[in-house]
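Trainee: Numbering (full-length UniProt numbering), first residue to last: 1 to 115.
Even for Gly, the Cβ is constructed at its ideal location relative to N, Cα and C.
Take a look at this one; I'll ask things after.
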């Protein structure tokens, strides 16, 4: 297997750039999604480096595949970011309105700090 962990890390960094740009524009649902994407790709970079399988989008699952211990604070961040993978993008998750109606600056700040 060709190691492409640097490619995964570069893309993770790009997702963070996008998250910050969306934060500046007040597009908070996208901040949360891009933060999840950045974390996901960083974990997949680690898995790639370790020559381990890297399928799926659950950060908790991906970290478990790495077989590493993570501090409790990181685990809480992983759980929080995982909650945003779908609701930050799809209106039908909510009874009415779109994700842009529900995501706040505080949500975005928490996601940015976790990513």
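Taking the alpha helix (DSSP H) that residue 39 falls in, what are its first and last residues?
Mentor: Segment 28–49, the alpha helix (DSSP H) holding residue 39.
Trainee: My assumption, with CB atoms under 8 Å, is that residue 29 sits in contact with residue 88. Please give the rounded CB distance.
Mentor: That pair is a contact at about 4 Å.
Trainee: Do the region 66–80 and the region 16–28 meet, that is, are 3 or more Cβ pairs less than 8 Å apart?
Mentor: Too few Cβ pairs lie closer than 8 Å, so no.
Trainee: Leaving aside the five residues before and after residue 37 along the sequence, list all residues of the same chain whose C-beta is less than 7 Å from its C-beta, in chain order.
Mentor: Only 15 meet the Cβ criterion.
Trainee: For residue 127, is the classification buried or exposed, using 16 other Cβ atoms within 10 angstroms of its Cβ as the cut-off for buried?
Mentor: The requested residue 127 is not part of the displayed model; the chain covers only 1 to 115.
Trainee: To the nearest angstrom, how far is the alpha carbon of residue 94 from that of residue 84?
Mentor: Approximately 13 Å between the Cα atoms of the pair.
Trainee: Could you check the C-alpha separation between residue 11 and residue 107 for me, to the nearest Å?
Mentor: Near 23 Å, if we compare the C-alpha coordinates of residue 107 and residue 11.
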